[in-house]
Amino acid sequence: MTTVPAPRPAADRQLLLDPGMDLTLRPMRYPHFFDRFKDAIRNTWTVEEVDLHSDLADLHRLSPAERHLVSRLVAFFATGDTIVANNLVLNLYQHVNSPEGRLYLSRQLFEEAVHVQFYLNLLDTYVPDEQERSEAFAAVENIPSIARKAEFCFRWIDSVHELRALTSKADRRAFLLNLICFAACIEGLFFYGAFAYVYYLRSRGLLHGLASGTNWVFRDESMHMAFAFDVVETVRREEPDLFDADMAQQVRDMLAEAVECEVQFAEDLLTRGISGMSLADMREYLQHVADRRLAVLGIDPMYGSKNPFAFMELQDVQELSNFFERRVSAYQVGVTGTVGFDDDF
Ligand SMILES: [Fe+2]
Ligand SMILES: [Fe+2]
Numbered sequence: 001m002t003t004v005p006a007p008r009p010a011a012d013r014q015l016l017l018d019p020g021m022d023l024t025l026r027p028m029r030y031p032h033f034f035d036r037f038k039d040a041i042r043n044t045w046t047v048e049e050v051d052l053h054s055d056l057a058d059l060h061r062l063s064p065a066e067r068h069l070v071s072r073l074v075a076f077f078a079t080g081d082t083i084v085a086n087n088l089v090l091n092l093y094q095h096v097n098s099p100e101g102r103l104y105l106s107r108q109l110f111e112e113a114v115h116v117q118f119y120l121n122l123l124d125t126y127v128p129d130e131q132e133r134s135e136a137f138a139a140v141e142n143i144p145s146i147a148r149k150a151e152f153c154f155r156w157i158d159s160v161h162e163l164r165a166l167t168s169k170a171d172r173r174a175f176l177l178n179l180i181c182f183a184a185c186i187e188g189l190f191f192y193g194a195f196a197y198v199y200y201l202r203s204r205g206l207l208h209g210l211a212s213g214t215n216w217v218f219r220d221e222s223m224h225m226a227f228a229f230d231v232v233e234t235v236r237r238e239e240p241d242l243f244d245a246d247m248a249q250q251v252r253d254m255l256a257e258a259v260e261c262e263v264q265f266a267e268d269l270l271t272r273g274i275s276g277m278s279l280a281d282m283r284e285y286l287q288h289v290a291d292r293r294l295a296v297l298g299i300d301p302m303y304g305s306k307n308p309f310a311f312m313e314l315q316d317v318q319e320l321s322n323f324f325e326r327r328v329s330a331y332q333v334g335v336t337g338t339v340g341f342d343d344d345f
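Counting in full-length UniProt numbering, the sequence shown runs from 1 upward without gaps.
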């Protein structure tokens, strides 16, 4: 993670979670948030650059079990980013009281909108039948494994719904749990689980269009998580007493529930038998990812599981090389500069 500057002196003692709408960009209180905003701008991509039509021939080659997996996956993608965007607007933007932090969140909101458009395009291309497509968009109500994940997300959105200002330590802890939930459990686990299916299919030579778009979404989600963990780290430096043993246990419980939600989704996707991807492997992968999120938060691992998916180990490298290729066209639109790859995801 980026090194977070030491807390400011007591004379200038406005804290990141103090209520209000700080407008002062100079002097800048949190320049590391502004750096993340600039890094994100350099990572701009558009949905039109991803050709999904090349996947259509592959869709006809899938076995019934693989077709079931893909239809569940796109049904999850149909609404996942919209839920994240809603929490960003309703909760994160309201309570992260830093104009440079809000710049980053504005940029993240744009990226979530691009993801929503990407998955809309995916459903329009993969699911031409209107009835089937509307069923995919209703999955949060009708498909139990997706409804359970949505219920988990909505419960955590609602947990801070009444909070208009973080005036007590209890309020701040509640907000931090919401922030950590969306970064570690939703972007950092539900989405990572979904990406694993995409890269598994790519490792079998299937759906390269989806995988190429996923590279960009993956990169964006990694950065969203990194920003959220920067916010957590900044608050920890300013108000270390918020991070007590109860809080750590609540984070563990939340992640354990998220793993169980995602395992139930995996049972649904893999129930008909997918060669080369077992439920046991997926469970181990999810536990491994959950332990990594705990490590970033300075909390002991719960599972001690290894990553069983070689194609996900390779993903980090693949994604970075794509990013460097991408920068050729980024220069063409006049965006220059360098991006650091020091985030361990
Ligand atoms: Fe997203
Ligand atoms: Fe995101």
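Idealized CB from N, CA, C, for every residue including glycine.
heavy atom of ligand 3 below 7 Å from residue i C-beta
i	result
D39	With respect to ligand 3, the structure shown offers nothing to examine, as its ligands consist of ligand 1 and ligand 2.
Secondary structure of residue i, DSSP reduced to three states
i	result
M28	coil
M21	coil
I299	coil
I143	coil
Cβ shell of residue i (< 7 Å), same chain only, five flanking positions each side left out
i	result
G20	N97
R13	none
N307	Y285, H288, E313
F152	E257, A258, C261
A147	V140, E141
Distance cut-off 7 Å: residue i Cβ against heavy atoms of ligand 1
i	result
V84	yes
V140	no
V89	no
H60	no
V217	yes
D81	yes
H208	no
E132	no
H288	no
Close Cβ partners of residue i (< 8 Å) along its chain, the five nearest in sequence each way excluded
i	result
D159	Inspection of the sequence shows that residue 159 is occupied by Ser rather than by Asp. Counting only Cβ-Cβ distances below 8 Å, and skipping sequence neighbours, we find A174, L177, N178.
L189	L255, A258, V259, E262, L286, V289, A290, R293
R133	L123, D124, V127
F154	I83
A295	P301
Sequence-distant residues of the same chain with beta carbon closer than 6 Å to residue i, five excluded per side
i	result
T82	V116
D225	Reading off the sequence, residue 225 comes out as Met, not Asp. Excluding residues within five positions, the ones whose Cβ falls inside 6 Å are A183, E187, G188.
V114	none
L25	P99
Distance between beta carbons of residue j and residue i, contact taken as under 8 Å
i	j	result
S168	F265	Contact doesn't hold; Cβ gap of about 36 Å is too wide.
W156	W45	With a Cβ gap of about 29 Å, W156 and W45 do not count as contacting.
P99	D39	The pair is not a contact, with the Cβ atoms about 17 Å apart (cut-off 8 Å).
F33	Y104	5 Å
A75	E112	That belief does not hold up - the Cβ atoms of A75 and E112 are roughly 18 Å apart, past 8 Å.
F227	R36	5 Å
H208	S71	No, H208 and S71 are not in contact; Cβ-Cβ is about 19 Å, not under 8 Å.
Y199	A211	6 Å
G213	V50	4 Å
Within 8 Å, strictly: CB atoms of residue i and residue j
i	j	result
L286	E313	no
residue 377	L206	Because the chain spans 1 through 345 in this model, residue 377 falls outside it and cannot be assessed.
V231	L242	no
A78	A139	yes
G80	Y30	no
L109	L88	yes
R219	L17	no
A184	L73	no
L15	H95	no
R272	P27	no
F137	S203	no
I143	V251	no
Distance cut-off 7 Å: residue i Cβ against heavy atoms of ligand 2
i	result
D220	yes
E239	no
H224	yes
E100	no
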